[in-house]
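Colleague: Mind looking over this structure? Questions follow.
In the numbering used here, the protein residues as written are 105 to 378.
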């Protein structure tokens, strides 16, 4: 048994299509996990557009979409998620940070409302359902699959996900801000012994001093957390759009030399966790 992870968007803040963002990619947050017979989608940034085309190619018509939060870089690809317009398809959208703010369906509907978008949410003819849960809940999207959730330090709130199946664990931890010199005990416990941790590595430690309060972390903190929690591998994620391919190459080399389990996620990178 395995968990297959594919990165469809690895950038934060805003998509950055340019000749200088080819190697690591310019799409915003979206990843896919194939677990047993289930397709699990995490975030709906611009990367979900290409994922949607791939689902059509694979004739996949059912999936669950889990949202870390609903800042635009994590949802603005959803109007271009073509499978959602297929009447024969079914998608379930879940979020854990909006229970007291009107719910996730309201946010998605507002994103696709006049005057900011010409196609309303109602134009999506798939069986589209929305569910709000409380962060900390355990979710069970399929037999033998458990998804644990935890709160993250981010403006307006965000949710971390830990996908467990057949003794394997993959953690998706973005967007979150650490406190220098004080590891986040919630995250440490959450990622304990994980096979893969996908972590908010927007900045370097040197850049972080000028970004306090912005809600993001560093690749160095990701390594510190993973080593303390006995995690096996770390995927640097939510790359700063100002970090072009040359910058990212340096960052990845530094991260690898610091800890061999670290690497930088790229658009369309596939990992099989076994």
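Built from N, CA and C at the ideal position, the CB exists for glycine as well. This one's a predicted model, so the numbers in the text were calculated from it and none came from an experiment.
(1) Around the Cβ of residue 335, are there at least 16 other Cβ atoms within 10 angstroms (buried) or fewer (exposed)?
(2) My understanding is that residue 277 touches residue 295, with C-beta atoms under 8 Å, so please give their C-beta distance in whole angstroms.
(3) Can you tell me where the alpha helix (DSSP H) with residue 332 in it begins and where it stops?
(4) Where does residue 189 sit, in a helix, a strand or coil, going by DSSP?
(5) Going by DSSP, what residues sit across from residue 303 in a beta bridge?
(6) With a threshold of 8 Å, are at least 3 pairs of Cβ atoms found where one atom belongs to the region 286-293 and the other to the region 309-317?
(7) Let me know if residue 220 comes out buried or exposed under the rule of 16 or more other beta-carbons within 10 Å of its beta-carbon.
(8) Secondary structure at residue 139, three-state DSSP: helix, strand or coil?
(9) From which residue to which residue does the alpha helix (DSSP H) around residue 419 run?
(10) Taking the alpha carbon of residue 326 as the point to measure from, which residue in 292, 319, 209 has its own alpha carbon closest?
(11) Nearest-angstrom Cα distance between residue 234 and residue 209?
(12) Within the continuous beta strand (DSSP E) that includes residue 242, where are the two ends?
(13) Secondary structure at residue 213, three-state DSSP: helix, strand or coil?
(14) With DSSP as the reference, please indicate the residues paired to residue 308 in a beta bridge.
Modeller: From the atom records:
(1) In the chain shown, residue 335 corresponds to position 231, counting from 1. Looking at its Cβ environment, which holds 16 or more other Cβ atoms inside 10 Å, residue 335 is buried.
(2) For the purposes of this step, residue 277 is taken as residue 173 along the chain shown, with counting starting at 1. For the purposes of this step, residue 295 is taken as residue 191 along the chain shown, with counting starting at 1. Yes, they are in contact, since the Cβ atoms of residue 277 and residue 295 sit about 7 Å apart, within 8 Å.
(3) Here residue 332 corresponds to residue number 228 of the chain shown, with the count starting at 1. Bounds of the alpha helix (DSSP H) holding residue 332 are 323-332.
(4) One-based indexing of the chain shown puts residue 189 at position 85. It is helical.
(5) Here residue 303 corresponds to residue number 199 of the chain shown, with the count starting at 1. DSSP lists 277, 340 as partners of residue 303.
(6) Three or more Cβ pairs closer than 8 Å define a contact, and the region 286-293 falls short of that threshold against the region 309-317.
(7) For this step, residue 220 is matched to residue 116 along the chain shown. Label assigned to residue 220: exposed.
(8) Within the chain shown, numbered from 1, the residue matching residue 139 stands at position 35. Shown here, residue 139 sits in a strand according to DSSP, grouped into three states.
(9) As displayed, the chain neither begins before 105 nor continues past 378, which places residue 419 out of reach and without an answer.
(10) Stepping through the chain shown from its first residue, residue 326 is reached at position 222. Closest by alpha carbon: 292.
(11) As a first step, residue 234 is located in the chain shown; it is residue number 130 there, counting from the start. As a first step, residue 209 is located in the chain shown; it is residue number 105 there, counting from the start. Computed Cα separation, rounded: 6 Å.
(12) Position 138 of the chain shown, counted from the start, is the residue given in the question as residue 242. Residues 242-246.
(13) Here the question's residue 213 lines up with position 109 in the chain shown. Helix at residue 213.
(14) Walking along the chain shown from the start, residue 308 turns up at place 204. None; residue 308 has no bridge partner.
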